[in-house]
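With full-length UniProt numbering, the residue at position 202 of the sequence shown is 202, and numbering never jumps. Think of the CB as a built atom: it goes at the ideal place given N, C-alpha and C, for glycine as much as any other residue. Just below is one structure, and these are the notes that go with it.
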Amino acid sequence: MAGGIGSRLWPLSREEHPKQFLSVDGELSMLQNTIKRLTPLLAGEPLVICNDSHRFLVAEQLRAINKLANNIILEPVGRNTAPAIALAAFCSLQNVVDEDPLLLVLAADHVIRDEKVFLKAINHAEFFATQGKLVTFGIVPTQAETGYGYICRGEAIGEDAFSVAEFVEKPDFDTACHYVESEKYYWNSGMFLFRASSYLQELKDLSPDIYQACENAVGSINPDLDFIRIDKEAFAMCPSDSIDYAVMEHTRHAVVVPMNAGWSDVGSWSSLWDISKKDPQRNVL
Numbered sequence: 001m002a003g004g005i006g007s008r009l010w011p012l013s014r015e016e017h018p019k020q021f022l023s024v025d026g027e028l029s030m031l032q033n034t035i036k037r038l039t040p041l042l043a044g045e046p047l048v049i050c051n052d053s054h055r056f057l058v059a060e061q062l063r064a065i066n067k068l069a070n071n072i073i074l075e076p077v078g079r080n081t082a083p084a085i086a087l088a089a090f091c092s093l094q095n096v097v098d099e100d101p102l103l104l105v106l107a108a109d110h111v112i113r114d115e116k117v118f119l120k121a122i123n124h125a126e127f128f129a130t131q132g133k134l135v136t137f138g139i140v141p142t143q144a145e146t147g148y149g150y151i152c153r154g155e156a157i158g159e160d161a162f163s164v165a166e167f168v169e170k171p172d173f174d175t176a177c178h179y180v181e182s183e184k185y186y187w188n189s190g191m192f193l194f195r196a197s198s199y200l201q202e203l204k205d206l207s208p209d210i211y212q213a214c215e216n217a218v219g220s221i222n223p224d225l226d227f228i229r230i231d232k233e234a235f236a237m238c239p240s241d242s243i244d245y246a247v248m249e250h251t252r253h254a255v256v257v258p259m260n261a262g263w264s265d266v267g268s269w270s271s272l273w274d275i276s277k278k279d280p281q282r283n284v285l
């Protein structure tokens with residue numbers, strides 16, 4: 001998912017050139033790094049969902065890493081993550097050999113420091129996803145953080161996998177301290193793994209208006225160079241909602257797999273400083 005505008009990092013991140021297209025820790029952009037770190041998984045070609053206005057920027061960055069393959073879904077209007085993921089699910093069911101592919105849903109503007117741990121968690125989650133579960137990855141907190149939502153784990157359903165007791169909004173500092181001390185809460189990473197059909201079925205049951213609008217929008221896909229254009233008028237009718245609100249907070253099939261992979265959503269100047277190389281005076285240039 002590459003549709004955000006990264007307003008919290010203005011003026012480094014701007015509406016015309018948001019943070020997912022910037023390089024913050026090397027030569028590649030965050031979008032490019034997100035795709036490149038998946039290479040060991042031997043997955044199919046990535047589907048990138050972005051704003052129509054960023055289409056050529058995305059195409060240029062995918063071409064630079066040899067991942068451009070008519071695989072850019074254009075959102076004519078922003079409708080948050082639940083509809084965006086639905087578009088990817090519908091398109092994947094139409095365009096891949098596997099009749100019901102697994103979808104690994106990632107934001108294009110996250111940083112992962114320990115890629116081995118990241119890949120191990122994904123491989124571990126695959127078992128549950130193939131059983132029809134909607135897996136979310138919970139980041140093991142390193143400190144009390146008020147800038148993230150949290151996931152409270154429920155009963156263990158296997159090694160390093162738990163049912164989800166609840167999703168909670170960004171807490172105040174004292175509540176965040178309690179969460180960390182309890183060792184039952186994880187940062188909500190916004191990363192998911194599930195079968196396309198599993199997600200769409202839950203979306204249909206729990207948020208039928210979103211499901212119907214997205215189904216209508218992909219009913220008349222118009223290929224355009226390297227881009228996948230959906231029906232603008234149909235998608236404009238879609239409600240705007242996050243996957244958490246539309247599906248994950250209500251489904252009975254949610255599973256959380258813990259991950260401790262040096263994750264950051266680079267959502268603030270302080271988090272950018274945390275992940276950046278520093279000079280002897282602890283300055284970041």
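### Task
Specify whether the stretch 176 to 185 and the stretch 136 to 144 touch according to this definition: at least 3 beta carbon pairs, one from each stretch, less than 8 Å apart.
Verdict: yes, contact present.
### Task
Return the Cβ separation of Ala82 and Val247 in integer angstroms, given the expectation that the two are a contact with Cβ distance under 8 Å.
Here residue 82 refers to the residue found at position 82 when the sequence shown is read from its first residue. Here residue 247 refers to the residue found at position 247 when the sequence shown is read from its first residue. For Ala82 against Val247, the beta-carbon gap comes to about 6 Å, under 8 Å, which counts as contact.
### Check whether Ile228 and Ile73 have beta carbons under 8 Å apart
Here residue 228 refers to the residue found at position 228 when the sequence shown is read from its first residue. Here residue 73 refers to the residue found at position 73 when the sequence shown is read from its first residue. In this structure, Ile73 lies closer than 8 Å to Ile228 by Cβ.
### Query
Rounded C-beta distance between Glu27 and Asn51? I'm assuming under 8 Å.
In the sequence shown, the residue the question calls residue 27 occupies position 27. In the sequence shown, the residue the question calls residue 51 occupies position 51. Not a contact, Cβ separation roughly 24 Å.
### Of the residues Asn71, Phe127 and Thr142, the one placed nearest Asn95, counting alpha carbons only
Residue mapping note: residue 95 aligns to position 95 of the sequence shown, counting from 1. Comparing C-alpha distances from Asn95 to each of Asn71, Phe127 and Thr142 shows the shortest one belongs to Asn71.
### Message
Using the three-state DSSP reduction, which class does Gly262 fall into: helix, strand or coil?
### Response
Residue numbering aside, residue 262 sits at position 262 when the sequence shown is read from its first letter. The three-state secondary structure of Gly262, taken from DSSP, is coil.
### Query
For the stretch 249 to 257 against the stretch 162 to 171, are there 3 or more C-beta pairs whose distance is under 8 Å?
Touching, yes.
### Query
Can you tell me the Cα-Cα spacing of Asp265 and Ser29, whole angstroms?
As a position in the sequence shown, residue 265 is number 265, starting the count at 1. As a position in the sequence shown, residue 29 is number 29, starting the count at 1. Using only the alpha carbons, I get a separation of about 14 Å.
### Task
May I ask you to report which of helix, strand or coil DSSP gives Arg55?
Along the sequence shown, one-based indexing puts residue 55 at 55. Helix at Arg55.
### Message
Only counting the same chain, and skipping five residues up and downstream in sequence, which positions put a Cβ closer than 8 Å to that of Asn260?
### Response
Looking up residue 260 in the sequence shown gives position 260. Closer than 8 Å at Cβ, skipping near neighbours: Asp114, Val117, Ile139 and Val140.
#### Entry: The alpha helix (DSSP H) enclosing Ser92, as first and last residue numbers
Against the sequence shown, residue 92 aligns to sequence position 92. In the DSSP assignment, Ser92 falls within the alpha helix (DSSP H) that extends over Thr81 to Asn95.
### Message
Measuring straight from C-alpha to C-alpha, what distance separates Glu202 and Cys91?
### Response
In the sequence shown, counting from the first residue as 1, residue 202 sits at position 202. In the sequence shown, counting from the first residue as 1, residue 91 sits at position 91. In a straight line, the C-alpha of Glu202 is about 17 Å away from that of Cys91.
### Message
Given this structure, state the Cα-to-Cα distance separating Ile35 from His178, to the nearest angstrom.
### Response
Numbered from its first residue, the sequence shown carries residue 35 at position 35. Numbered from its first residue, the sequence shown carries residue 178 at position 178. Rounded to the nearest angstrom, the two C-alpha atoms are 35 Å apart.
### Beta-carbon spacing of Leu200, Ala89 below 8 Å
Against the sequence shown, residue 200 aligns to sequence position 200. Against the sequence shown, residue 89 aligns to sequence position 89. Yes. Within cutoff.
#### Entry: Sequence ranges, alpha helix (DSSP H) only - wholly within the stretch 20 to 80, length at least 4
If we require 4 residues or more, the alpha helix (DSSP H) runs fully inside the stretch 20 to 80 come out as 30 to 36 and 55 to 64.
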